[in-house]
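*Asks:*
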Amino acid sequence: MEVLKIATAGSVDDGKSTLIGRLLYDTKSLTDDKLEAIERTSKQKGYDYLDFSLATDGLVAEREQGITIDVAHIYFSTATKSYIIADTPGHVEYTRNMVTGASTSQAAIILIDARKGVIEQTNRHFFINNLLRIKDVIVAINKMDLVNFSEDAYNDIKADFEELMGKRDYQDQKITFIPVSALKGDNVVNRSQNMDWYTGQTLLEHLEELDLQDIYNVGTPRFPVQYVIRPKTEEFHDFRGFAGKVYGGELSVGDEVVVLPSMTRSKIKAIYFYDTEYQTAPRRSSVTITLEDEVNVSRGDMLVKVGDLPIIDKQLTATISWMDSNQLTVGGKYVLQHGVNKTLAKVDAIDHKIHPDYSGIEENVSSLNMNDIAKVRLRLNKPIFYDRFKEHRTNGSFIIIDSRTNHTAGVGFIE
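Using UniProt numbering, the first residue of the sequence shown is number 1, and each one after it goes up by one.
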């Protein structure tokens with residue numbers, strides 16, 4: 001069954017958790033005990049409706065304040081797809097959590113309160129989805145019941161958001177607008193009887209029809225080696241396979257490849273998935289590859305097609321989202337992890353800080369605080385083989401580790 005990962009984003013009280021709870025309820029994905037707990041707590045609070053946000057807000061502080069703080073991953077399935085929803089917080093101080101939730105997602109839902117329209121936080125949520133190259137974005141205009149299901153209110157918000165779309169630099173993004181009422185259930189799973197003027201799909205219908213191959217970014221094929229398989233059994237005495245995941249494009253038997261960093265050439269002899277052989281490994285497939293020649297390949301090496309080499313360099317410029325309470329400073333030394341490879345990195349310069357609400361940049365910056373986003377130049381102690389993030393999401397990103405605390409201090413998207 002296909003698995004679709006979705007990130008949600010919205011400002012405080014836009015109804016993110018309620019929307020997810022409604023999805024779970026209407027797809028009958030809530031367990032009996034969870035549903036009983038929601039009914040009981042809703043009555044205790046004096047509500048005459050079910051508070052579906054209780055299905056996702058798991059921390060005590062979240063339930064007490066009625067907000068989302070941490071990134072929660074919610075799982076549910078339909079007859080055709082399995083879904084993983086990253087319920088990310090909307091507060092400005094949790095920008096790093098939004099980046100974390102969206103970093104592994106293939107689609108995103110941005111919620112807008114129909115009463116408030118496009119606000120500063122909406123700009124920030126759209127900026128992050130644009131930065132992370134999320135290809136399919138659903139703009140769910142929620143709480144339509146509080147504006148009497150007004151088509152004019154929907155069209156006004158849609159026009160404002162389309163104006164915001166003019167500021168993006170990722171033009172392949174597909175934006176879909178859906179008016180919903182998470183509390184009442186309109187256009188979430190079931191079609192609304194209150195908005196006859198809307199002829200599009202419900203939220204679930206749209207998610208069900210997303211083609212997973214289409215929403216993955218297409219690039220040149222990259223095969224980072226995760227593990228070298230040497231069974232050393234009587235049956236497979238000389239077998240030497242390289243296990244990993246194909247990113248960006250596809251690899252086929254007979255393709256001439258280069259092993260990085262050694263630059264050794266060979267041809268793909270066979271492609272295995274468990275004990276079955278295939279002629280072609282499509283992108284996003286986890287396979288084992290054997291080569292025609294006995295070449296030295298280790299964990300952390302990469303197989304690429306001849307003529308499709310990535311950039312191999314010790315210097316790079318990247319957009320960095322800083323996630324640590326300790327500042328990033330010019331001259332600071334960190335561990336940069338790119339795929340499974342780690343190398344020491346020094347911050348050469350901070351070119352400028354980027355305001356994620358599209359309000360501009362800030363120059364003459366010498367340090368970054370938690371939740372800051374900036375363009376940073378790094379110098380490494382050994383070369384890495386990378387692509388620009390705009391061209392290859394997987395091979396164009398990395399994490400920064402503080403060697404003193406071993407914390408993941410930041411994430412980077414290579415320019």
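Ideal placement from N, C-alpha and C gives every residue a C-beta, glycine not left out.
By alpha-carbon positions, which one of 329, 241, 342, 338 ends up nearest to residue 353?
*Replies:* Closest by alpha carbon: 329.
*Asks:* How far does the alpha helix (DSSP H) with residue 205 in it reach, from first residue to last?
*Replies:* Unbroken alpha helix (DSSP H) run through residue 205: 203 to 209.
*Asks:* Report the CB separation of residue 344 from residue 333 in whole angstroms; it is logged as a contact under 8 Å.
*Replies:* Going by Cβ atoms, the distance from residue 344 to residue 333 rounds to 6 Å, so yes, they are a contact pair.
*Asks:* Could you pull out every residue in the same chain whose Cβ sits closer than 6 Å to the Cβ of residue 184, ignoring the five residues on either side in sequence?
*Replies:* Hits under 6 Å: 145.
*Asks:* Taking DSSP as the reference, what is the three-state secondary structure of residue 169?
*Replies:* Residue 169: coil per DSSP, three-state reduction.
*Asks:* What would DSSP say about residue 18, mapped onto helix, strand or coil?
*Replies:* Residue 18 falls in the helix class under three-state DSSP.
*Asks:* Does the beta-carbon of residue 136 have 16 or more other beta-carbons within 10 angstroms, so that it is buried, or is it exposed?
*Replies:* Residue 136 comes out buried.
*Asks:* For residue 265 and residue 310, what's the separation of their Cα atoms in angstroms?
*Replies:* Using only the alpha carbons, I get a separation of about 15 Å.
*Asks:* If we ignore side chains and look at the alpha-carbon of each, how far apart do residue 416 and residue 285 end up?
*Replies:* Because the chain is modelled from 1 through 415, residue 416 falls outside the range shown and cannot be assessed.
*Asks:* Under 8 Å, do residue 110 and residue 139 count as touching if we go by C-beta distance?
*Replies:* Yes, they are a contact pair.
*Asks:* Which of helix, strand or coil does DSSP assign to residue 413?
*Replies:* In the structure shown, residue 413 sits in a strand (DSSP, three-state: E or B).
*Asks:* Cα-Cα, which of 121, 197, 164, 174 is closest to residue 153?
*Replies:* Comparing Cα positions, the closest option is 197.
*Asks:* According to the Cβ coordinates, are residue 392 and residue 280 closer than 8 Å?
*Replies:* Not in contact: residue 392 and residue 280 (Cβ atoms no closer than 8 Å).
*Asks:* I'd like to know if the segment 288 to 303 and the segment 370 to 380 are in contact, where contact means that at least 3 CB-CB pairs between them fall below 8 Å.
*Replies:* At 8 Å Cβ cutoff, the stretches do not touch.
*Asks:* I need the DSSP call for residue 100, collapsed to helix, strand or coil.
*Replies:* Reduced to three states, the DSSP call for residue 100 is helix.
*Asks:* For the candidate residues 48, 131, 163, whose alpha-carbon lies nearest to that of residue 397?
*Replies:* Minimum Cα distance to residue 397 is reached at 131.
*Asks:* Roughly how many angstroms lie between the CA atoms of residue 8 and residue 174, to the nearest whole one?
*Replies:* Cα-Cα distance, rounded: 16 Å.
*Asks:* With 16 as the cutoff for other CB atoms within 10 Å, does residue 80 come out buried or exposed?
*Replies:* Exposed: under 16 other Cβ atoms inside 10 Å.
*Asks:* Can you look up residue 37 in the DSSP assignment and give me helix, strand or coil?
*Replies:* If DSSP states are grouped into helix, strand and coil, residue 37 belongs with the helices.
*Asks:* On a Cα-Cα basis, can you pick out the residue from 218, 189, 199, 117 that is closest to residue 207?
*Replies:* Ranking 218, 189, 199, 117 by Cα distance to residue 207 puts 189 first.
*Asks:* If you drop the 5 nearest sequence neighbours on each side, which residues of the same chain put their C-beta closer than 6 Å to that of residue 243?
*Replies:* Same-chain partners within the cutoff: 226, 227, 229, 288.
*Asks:* In angstroms, rounded to a whole number, what distance separates the CA positions of residue 68 and residue 89?
*Replies:* Only weak support exists for where residue 68 lies, its pLDDT of 43 falling under 50; the value from the coordinates is given anyway. Approximately 5 Å between the Cα atoms of the pair.
*Asks:* Could you please give the first and the last residue of the uninterrupted beta strand (DSSP E) stretch that includes residue 242?
*Replies:* From DSSP, the beta strand (DSSP E) with residue 242 extends over 241 to 245.
*Asks:* In three-state DSSP terms, what is residue 156?
*Replies:* Three-state DSSP puts residue 156 in a helix.
*Asks:* Near residue 258, what residues of its chain come up, given a Cβ to Cβ distance below 6 Å and the 5 sequence neighbours on each side ignored?
*Replies:* Counting only Cβ-Cβ distances below 6 Å, and skipping sequence neighbours, we find 265, 304, 306.
*Asks:* If you check the beta carbons only, do residue 18 and residue 42 fall under 8 Å apart?
*Replies:* Contact: no.
*Asks:* Please name the residue, chosen from 30, 163, 381, 213, that lies closest to residue 250 on a Cα-to-Cα basis.
*Replies:* Per the Cα distances, 213.
*Asks:* Leaving out the 5 sequence neighbours to the left and right, which residues in its chain are closer than 7 Å to residue 403 when beta-carbon positions are compared?
*Replies:* Same-chain partners within the cutoff: 334, 335.
*Asks:* Between residue 325 and residue 350, is the Cβ-Cβ spacing less than 8 Å?
*Replies:* Not closer than 8 Å, so no.
*Asks:* Please report whether the beta-carbon of residue 205 lies at a distance below 8 Å from any beta-carbon of chain D.
*Replies:* This model lacks chain D altogether, as it is built from one protein chain only.
*Asks:* Alpha carbon to alpha carbon, how far is residue 394 from residue 406?
*Replies:* Using only the alpha carbons, I get a separation of about 22 Å.
*Asks:* In whole angstroms, what is the alpha-carbon distance linking residue 126 and residue 240?
*Replies:* Residue 126 and residue 240: Cα-Cα distance of roughly 46 Å.
*Asks:* Between residue 245 and residue 378, what straight-line distance do the alpha-carbon atoms span, to the nearest angstrom?
*Replies:* C-alpha separation (whole angstroms): 27 Å.
*Asks:* Return the chain-ordered ranges of every beta strand (DSSP E) run that is complete within the segment 300 to 376 and spans a minimum of 3 residues.
*Replies:* DSSP runs (the beta strand (DSSP E)) wholly in the segment 300 to 376: 302 to 305, 311 to 322, 333 to 338, 341 to 355, 360 to 362.
*Asks:* Excluding the five sequence neighbours on either side, which residues of its own chain have a C-beta within less than 8 Å of the C-beta of residue 341, listed in chain order?
*Replies:* The residues are 300, 384.
*Asks:* Quick check on residue 65: buried or exposed, where buried means 16 or more other Cβ atoms within 10 Å of its Cβ?
*Replies:* Residue confidence is low: residue 65 scores 45 on pLDDT, short of 50, so the model does not pin down where it sits. Its coordinate-derived value is still stated next. So residue 65 counts as exposed.
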